[in-house]
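Chains as they are written, first to last, in UniProt numbering: chain A, 1 to 262; chain Y, 1 to 366; chain W, 1 to 203.
#1: At 3 residues or longer, and completely inside the stretch 150-192 of chain Y: list those beta strand (DSSP E) runs for me, N to C.
#2: What residues of chain Y sit near residue 44 of chain A, judged by a beta carbon separation below 7 Å?
#3: Count the other CB atoms, across all protein chains shown, that sit within 10 Å of the CB of residue 245 of chain Y; report buried if there are 16 or more and exposed otherwise.
#4: Which value, in whole angstroms, describes the spacing of the CA atoms of residue 363 of chain Y and residue 336 of chain Y?
#5: Along chain A, which residues have their Cβ under 8 Å away from the Cβ of residue 392 of chain Y?
#6: Is residue 251 of chain Y buried or exposed, if buried means 16 or more other CB atoms sit within 10 Å of its CB?
#7: Secondary structure at residue 157 of chain W, three-state DSSP: helix, strand or coil?
#8: Report all residues from its chain with a CB closer than 7 Å to the CB of residue 234 of chain Y; omit the five preceding and five following residues, and keep chain order.
#9: Whole angstroms is fine: what's the gap from residue 101 of chain W's alpha carbon to residue 35 of chain W's?
#10: Got a sec: is the Cβ-Cβ distance from residue 225 of chain A to anything in chain W below 9 Å?
#11: Kindly list the residues whose CB is nearer than 7 Å to the CB of residue 17 of chain A, restricted to its own chain and excluding five residues on each side of it in sequence; keep chain order.
#12: Determine the contact status of residue 194 of chain A and residue 161 of chain A, defining contact as a CB-CB distance below 9 Å.
#13: Could you tell me the distance, in whole angstroms, from the CA atom of residue 115 of chain A to the CA atom of residue 105 of chain A?
#14: At a CB-CB cut-off below 8 Å, which residues of chain Y make contact with residue 54 of chain A?
#15: Tell me whether residue 116 of chain A sits in a helix, a strand or coil according to DSSP, three-state version.
#16: Less than 8 Å between the CB atoms is what I'm expecting for residue 94 of chain Y and residue 173 of chain Y, so what's the real figure, rounded?
#17: Does DSSP classify residue 3 of chain W as helix, strand or coil?
#18: So which residues of chain A does residue 307 of chain Y contact, with C-beta pairs closer than 7 Å?
#19: Taking the beta strand (DSSP E) that residue 19 of chain A falls in, what are its first and last residues?
#20: Quick one: does residue 84 of chain W have its CB under 9 Å from some CB of chain A?
#21: Is it a yes or a no for the stretch 97-104 of chain A touching the stretch 84-94 of chain W, going by three-plus beta-carbon pairs under 8 Å?
#22: Who are the near neighbours of residue 234 of chain A in its chain, counting only those whose CB is closer than 6 Å to its CB and skipping five residues on each side?
#23: Is there contact here, the stretch 134-148 of chain Y with the stretch 284-301 of chain Y, by at least three beta-carbon pairs under 8 Å?
#24: From this set, Y:27, Y:9, Y:327, which residue's C-alpha is nearest residue 52 of chain Y's C-alpha?
#25: Going by beta carbon distance, what residues of the same chain come within less than 6 Å of residue 121 of chain A, once the five residues before and after it are set aside?
#26: Would you decide whether residue 128 of chain Y is buried or exposed? Buried here means 16 or more other CB atoms lie within 10 Å of its CB.
#27: Report the three-state DSSP secondary structure of residue 269 of chain Y (helix, strand or coil).
#28: If we count the other Cβ atoms within 10 Å of its Cβ and call it buried at 16 or more, is residue 265 of chain Y buried or exposed?
#29: Beta-carbon within less than 6 Å of residue 117 of chain A's beta-carbon, same chain only, minus the 5 sequence neighbours each way: which residues are those?
#30: With which residues is residue 169 of chain A paired in a DSSP beta bridge?
#31: According to DSSP, simplified to helix, strand and coil, what is residue 71 of chain W?
#32: Below 9 Å between beta carbons is the criterion; list the residues of the stretch 54-70 of chain W that meet it against any residue of chain A, in chain order.
#33: I'd like to know whether the C-beta of residue 58 of chain A is nearer than 9 Å to at least one C-beta of chain Y.
#34: Residues of the stretch 57-86 of chain A with a CB closer than 8 Å to any CB of chain W: list them in chain order, please.
#35: Would you kindly work out how many angstroms separate the C-alpha atoms of residue 9 of chain Y and residue 165 of chain Y, rounded to a whole number?
#36: If we call anything under 9 Å between Cβ atoms a contact, is residue 126 of chain W one with residue 13 of chain W?
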């Protein structure tokens, strides 16, 4: 009595937000109940080049992997979107819809998606400053939040695999009730599509290095920014920091890749 | 980046240029002559290659391969000049593979290049083998700014051009794809003639059963060593029939060498297409260029084609003349950098087994 | 006070959800006996009796929020629509989805109706031909209690039991919130909802 996929039916009535190499992302409502909050649907669509059997098992495994990483983070107190629905057979994952902005957009240099929007630099920096004001948060506190969340995630042995300022969001104060004494927002890590479980110092160091590179390629004068991310990370991590910090220095020297044999 | 068109620093030549390219980083010795015309066009005057083929079950050893290259070098170069109808005196430069590759074969070819350079008083240009593949691929296919998948016996890389450098976005974390194929061909005793990968491809066409193998992509990187171990393990499975035939009429649940070739190809090529697609999405390119010996595999080209089509893009591939290691690609990349004023002084005309694609200053592109 | 909503993406037979919360339930032991009898009764009477109790009866003190309930309902309906039920009916599947383990008996014992149940969530998955008023009347006919708003769920929740079943006692996320019960409950609810949503791939 298997029927045409309900998840595909759901997608057909949802709004496409973005399309990546792996998945299409939609804004959707799981039910027609008026009180139902929106969710973010991530559909790992079928890849025509892959053998169907292989494609199905990979898709299933990846949806499961992403969901497990999210749950692991939730249990460890890392701010990530909650899971709302899993349809592994169809490659669909639904998570909480986060109202807010990506950190990328809130920092100087990140507002212009590609380099040639013709926007002049000062203007976009002013925009970024305005945007942060809306969230009632300073750049320095924002960097601390980033460091703390990554530290909590690494303490849970979850490696994000794709840390960039695009994969972090600040909740908009208007749509979020903060229980924090001074903050009106919250930093949320998103997109665990490339995440995996590991307790290796190397993997954590590379995770940080990837973020450092993302900072330097997206945001001008990012060095002090990333330095305060690391400082907060170090504080939260405690004694585990020494080994990771040392390894991060090594990774910086050799780059993410190992030396190549002919 | 889209929208921003900078002019290539490479000017059109004031006269025609000629270059000889010599390649021998693995088991092929190749020589080719290329010509760059005043109007910016290019002609392949000749492109000759001789391959060192070992018996089934055996790989090529560095020492024997170097011996092969020394034996064949003069004959191949002579043929190449005759075919091109040019004399050594007409050349502007002699280009040779500086690396990466196997030490002994690289050295024997560098020696030939140095000798010719001294004999005929021609400048030398040391060329990165991978950059040779990329530049020849661009020249032949006309691809403008593609993501490049470079797949061969020694290399597996996803590359894209950025600021005068061929940046490596993803690569193998252990063995190269061609190495994985070659070693598996030895396990099931396939012929090395014309190439182990070619014979795996033919065998795979007869395979029906997709067996589970590890599928290991990590971001834009891949790993093949676990797959090689797993596919080998199937040859010890009690369902494995080395001759590909059931033992009797009830013998239905069997695994054949063809099934293994099929499963191996489906798995590793899917991994490569996946990381290529990720790189394309990352840099916003719709073109993909496949280079390197494994690039002549039709199933890989087909899968890449489907991916590109689903993205509204296009795949560029060359045939075995340019895909498989050859001298002309060394001549092409060498001549480009020679025209930008680059030469390799005799004292520095060494070769190196390790030479990353991203170490090369791509002076001829904007 | 019964809530009804549609899941238009599912086949008609599973597209309507009706749910109500009953508090001050006085005859849970009788209801439980009735369910057992109905499941084994034969003939026309048996069929009629099964029809009368064709609901999911859920222990309300283990439900952390309306989201929690909704999520379990969704995953159960999804399994039914895909022909992938692990239990007999879509109603028992909801109860199975609420429990973190794969043990069906355990799920029924914990999340189903028991002799001591005093607050019940009653759910019916149906097609559009069944009118809400008629469903509500059928619910009222089997349960003796007072209907309440789902907002009342929060005060009924037995947080220690939820934490125990979901093994949340020692998690960093809960420890961080322990000084603020409201916040702790929100964290527990968040984890529980996510766990229910991903149970099919928990492995």
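Cβ coordinates follow ideal geometry from the N, Cα and C atoms, glycine included.
Inspection of the coordinates gives the following:
#1: 156-161, 166-171
#2: Start at 1 with the first residue of the first chain, and residue 44 of chain A comes out as number 44. For residue 44 of chain A, no chain Y residue has a Cβ inside 7 Å of its Cβ, as the nearest lies near 12 Å away.
#3: Residue 245 of chain Y sits at position 245 when you count from the first residue of the second chain. Exposed: under 16 other Cβ atoms inside 10 Å.
#4: Numbered from 1 along the second chain, position 363 holds the residue referred to as residue 363 of chain Y. Numbered from 1 along the second chain, position 336 holds the residue referred to as residue 336 of chain Y. Roughly 9 Å separates the two Cα atoms.
#5: Residue numbering for chain Y in the displayed model covers 1 to 366; residue 392 of chain Y lies beyond these limits and cannot be assessed.
#6: Residue mapping note: residue 251 of chain Y aligns to position 251 of the second chain, counting from 1. Under this definition residue 251 of chain Y is an exposed residue.
#7: Numbered from 1 along the third chain, position 157 holds the residue referred to as residue 157 of chain W. The answer is coil: DSSP assigns residue 157 of chain W none of H, G, I, E or B.
#8: Counting from 1 along the second chain, the entry for residue 234 of chain Y is found at position 234. Excluding sequence neighbours, residue 234 of chain Y sits near 211, 240, 255, 260.
#9: In the third chain, counting from the first residue as 1, residue 101 of chain W sits at position 101. In the third chain, counting from the first residue as 1, residue 35 of chain W sits at position 35. So the alpha carbons of these two residues sit roughly 23 Å apart.
#10: Within the first chain, numbered from 1, the residue matching residue 225 of chain A stands at position 225. For residue 225 of chain A, the answer is no, since every Cβ of chain W falls outside 9 Å of its Cβ.
#11: To locate residue 17 of chain A, count along the first chain from 1; it is residue 17. Annotation for residue 17 of chain A: 25, 26, 27 place their beta carbon closer than 7 Å to its own, counting only its chain and skipping 5 residues before and after.
#12: For this step, residue 194 of chain A is matched to residue 194 along the first chain. For this step, residue 161 of chain A is matched to residue 161 along the first chain. Their beta carbons are under 9 Å apart, which means residue 194 of chain A touches residue 161 of chain A by this criterion.
#13: Along the first chain, one-based indexing puts residue 115 of chain A at 115. Along the first chain, one-based indexing puts residue 105 of chain A at 105. Its pLDDT being 43, under 50, residue 115 of chain A is placed unreliably by the model, and nothing is read from it.
#14: Here residue 54 of chain A corresponds to residue number 54 of the first chain, with the count starting at 1. 210, 215, 266, 267, 270, listed in chain order.
#15: As a working mapping, residue 116 of chain A is identified with position 116 in the first chain. Low per-residue confidence applies at residue 116 of chain A: pLDDT is 41, beneath 50, and the placement is therefore not dependable, though the value from the model is reported in the following sentence. Here residue 116 of chain A sits in coil by DSSP.
#16: Translated into the one-based positions of the second chain, residue 94 of chain Y becomes position 94. Translated into the one-based positions of the second chain, residue 173 of chain Y becomes position 173. Their Cβ separation, rounded to whole angstroms, is 36 Å, which puts residue 94 of chain Y and residue 173 of chain Y out of contact at 8 Å.
#17: Counting from one through the third chain, the residue named residue 3 of chain W turns up at place 3. It is a strand residue.
#18: Counted from its first residue, the second chain places residue 307 of chain Y at position 307. Correct list: 49.
#19: Walking along the first chain from the start, residue 19 of chain A turns up at place 19. Looking at the DSSP string, the run of the beta strand (DSSP E) that includes residue 19 of chain A is 15-19.
#20: If you number the third chain from 1, residue 84 of chain W lands on position 84. Yes, residue 84 of chain W counts as interfacial toward chain A.
#21: no
#22: Within the first chain, numbered from 1, the residue matching residue 234 of chain A stands at position 234. Excluding residues within five positions, the ones whose Cβ falls inside 6 Å are 241.
#23: yes
#24: In the second chain, residue 52 of chain Y corresponds to position 52, counting from 1. It is Y:27.
#25: Within the first chain, residue 121 of chain A is the residue found at index 121, counting from 1. Because the pLDDT of residue 121 of chain A is 47, which lies under 50, any placement of that residue in the model is unreliable, and the number read from its coordinates should be weighed accordingly. Counting only Cβ-Cβ distances below 6 Å, and skipping sequence neighbours, we find nothing.
#26: The residue given as residue 128 of chain Y occupies position 128 in the second chain. Taking all protein chains in view, the Cβ of residue 128 of chain Y is crowded by 16 or more other Cβ atoms within 10 Å, so the residue is classified as buried.
#27: Along the second chain, read from residue 1 onward, the residue named residue 269 of chain Y stands at position 269. Correct three-state label for residue 269 of chain Y: helix.
#28: The residue you call residue 265 of chain Y lines up with position 265 of the second chain. Taking all protein chains in view, the Cβ of residue 265 of chain Y is crowded by 16 or more other Cβ atoms within 10 Å, so the residue is classified as buried.
#29: What you label residue 117 of chain A is simply residue 117 of the first chain in a count that begins at 1. In this prediction, residue 117 of chain A scores a pLDDT of 41, lower than 50, which makes its location untrustworthy; the coordinate-derived value is nonetheless stated afterwards. Result list for residue 117 of chain A: empty, nothing under 6 Å.
#30: On the first chain, position 169 is the one that residue 169 of chain A refers to. Its beta-bridge partners are A:102, A:188.
#31: As a first step, residue 71 of chain W must be located in the third chain, where it is residue number 71. In this structure, residue 71 of chain W counts as helix in the three-state DSSP scheme.
#32: When CB distances to chain A are screened at a threshold of 9 Å, the residues of the stretch 54-70 of chain W falling below it are 66, 67, 70, in chain order.
#33: What you label residue 58 of chain A is simply residue 58 of the first chain in a count that begins at 1. Yes, contact with chain Y.
#34: 60, 63, 64, 67, 68, 70, 71, 74, 75, 76, 77, 78, 82, 83, 84, 85, 86
#35: Stepping through the second chain from its first residue, residue 9 of chain Y is reached at position 9. Stepping through the second chain from its first residue, residue 165 of chain Y is reached at position 165. So the alpha carbons of these two residues sit roughly 14 Å apart.
#36: Numbered from 1 along the third chain, position 126 holds the residue referred to as residue 126 of chain W. Numbered from 1 along the third chain, position 13 holds the residue referred to as residue 13 of chain W. Against a cut-off of 9 Å, the Cβ pair of residue 13 of chain W and residue 126 of chain W comes out as a contact.
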